[in-house]
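This report concerns only the one structure given below.
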Amino acid sequence: MSAASPGIEPAGTPTITGTASGKRVLLAKPRGYCAGVDRAVIAVEKALEVYGAPVYVRKEIVHNRHVVETLRERGAIFVDETSEVPEGALVVFSAHGVSPMVHAEAAERNLRTIDATCPLVTKVHKEVNRFAKDDYDILLIGHEGHEEVEGTAGEAPDKVQLVDTAEDVDKVEVRDPSKVIWLSQTTLSVDETMERVDQLRERFPGLADPPSDDICYATTNRQVAVKAMAAECDLVLVVGSKNSSNSKRLVEVALKAGARASYLVDFAREVDEEWLTGVTTVGVTSGASVPDVLVMELLDWLAERGYADVDEVTTANEKISFAPPKELRKV
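Shown next, in the form of structure tokens:
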């Protein structure tokens with residue numbers, strides 16, 4: 002998988018300063034909102050502004066409690082299925098994407114739709130369509146039950162097999178070993194994904210790679226930043242929700258990269274002060290669906306407990322942005 006991504010400037014070798022003896026915080030950069038999340042959240046805000054409440058949203062627009070609660074207060078109504086949306090109403094599809102069947106259900110109910118699917122997820126959907134048309138068996142590496150996986154697999158359910166665990170690798174059956182390709186959920190751990198690929202390639206030496214990286218630039222960059230600082234940290238705190246795949250992966254990456262402990266929290270108030278016992282260096286980062294205000298609140302909380310010295314560990318500078326969903330470009 003390539004390290005470079007469009008709109009990303011490498012920051013060179015990160016330097017970590019600060020005193021080794023005093024309490025300090027290492028703050029990862031990049032962290033927080035990615036371009037796809039920013040686009041999706043703005044889509045709901047714009048829909049509320051232009052069309053007024055209520056605006057229905059299928060599933061959580063992004064996997065973050067604070068974002069969902071804030072939009073709900075402004076008039077967004079979150080539903081699990083399009084069948085819960087009144088006929089003819091406006092519904093926004095989340096950043097994680099939906100299957101063609103969901104689009105068809107919305108059309109049958111005469112729903113007005115705004116598709117806020119992240120363009121990088123849409124890219125994977127298009128890859129599924131392309132290789133399904135060429136009659137490939139498609140091995141989708143991802144987590145069972147995740148909305149993105151459901152939407153992606155729904156593009157060609159008869160050609161896609163989900164590979165989540167090592168045990169799943171042994172269950173894969175293909176028609177022609179020379180026509181097999183792997184694709185992946187965009188928010189996975191890079192290392193874990195490549196481990197699955199290696200396992201699959203042992204069974205299918207002719208396994209083809211995706212035309213371009215499926216794991217999104219933001220997921221990769223946030224993991225790289227955590228790896229750069231984890232070994233220096235007694236504790237790494239990841240701000241993110243428990244249903245956020247990329248946030249959970251950051252905890253795993255921190256532990257594998259040498260952090261002595263790591264925890265996932267939605268808010269500063271969820272941090273257990275006992276976690277700080279004997280801790281000199283705290284690493285802080287956040288998942289790609291987390292607004293930076295939550296990170297700032299955590300830094301304030303830590304400063305009140307003696308961790309006021311903050312050093313930013315920068316591994317990349319992100320300059321990517323996405324155009325609004327086409328349904329909102331004219332308004």
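Here my numbering is used: position 287 in the sequence shown is 288, and no number is missing along the way.
Glycine included, C-beta positions come from ideal geometry on N, C-alpha and C.
Keep in mind the model is a prediction, meaning the values are calculated, not measured.
N- and C-terminal bounds of the alpha helix (DSSP H) containing residue i
i	result
Q224	218-231
D169	167-172
F132	120-134
I43	36-52
L295	293-304
L256	246-257
V103	101-109
Three-way DSSP call (helix, strand, coil) for residue i in this model
i	result
S322	coil
Y264	strand
I142	strand
S6	Bear in mind that the predicted position of S6 carries a pLDDT of just 49, short of 50, making it unreliable; the figure below should be weighed with that in mind. If DSSP states are grouped into helix, strand and coil, S6 belongs with coil.
E274	helix
R66	helix
V280	coil
E148	helix
S190	coil
G19	Unreliable placement is indicated for G19, whose pLDDT of 49 sits below 50; the coordinate value is still reported in the next sentence. It is coil, neither helix nor strand.
T316	coil
K24	coil
D116	strand
K331	coil
V198	helix
A90	coil
A154	helix
R176	coil
Cβ-Cβ separation, residue j to residue i (assumed contact under 8 Å), whole Å
i	j	result
R250	A29	Going by Cβ atoms, the distance from R250 to A29 rounds to 14 Å, so no, they are not a contact pair.
V173	L140	6 Å
G23	D310	6 Å
V45	I62	5 Å
L236	A262	5 Å
V283	V26	5 Å
R73	S95	Actually they are not in contact, since the Cβ atoms of R73 and S95 sit about 14 Å apart, beyond 8 Å.
Y57	V99	Not quite, the Cβ-Cβ distance comes to about 13 Å (not below 8 Å), so this is no contact.
T188	N247	4 Å
Sheet register partners of residue i (DSSP bridge)
i	result
S287	V240
F79	V58
K160	Per DSSP, none; premise fails for K160.
V311	V26
A209	I182
Closest residue to residue i among the options (Cα-Cα distance)
i	options	result
V291	D39, V99, D192	D39
H32	W183, M230, T123	A small correction: the amino acid at residue 32 is Arg; His does not occupy that position in the sequence shown. Residue M230 is the option with its Cα nearest to R32.
L238	T221, D81, A260, Y218	A260
V175	P206, A167, Y264, E319	P206
T220	E253, D177, T71, A44	E253
M195	Y308, M297, V170	V170
P212	D138, R131, K257	R131
M297	G307, E233, A289, V285	V285
L208	V161, I182, V191, D177	I182
G241	A289, D165, V129, D210	A289
D138	S287, E128, I43	E128
F323	G53, P87, C119	C119
P101	T316, Q200, D116	D116
S179	E149, D135, L189	D135
Range of the contiguous beta strand (DSSP E) that encloses residue i
i	result
S185	181-185
V58	56-59
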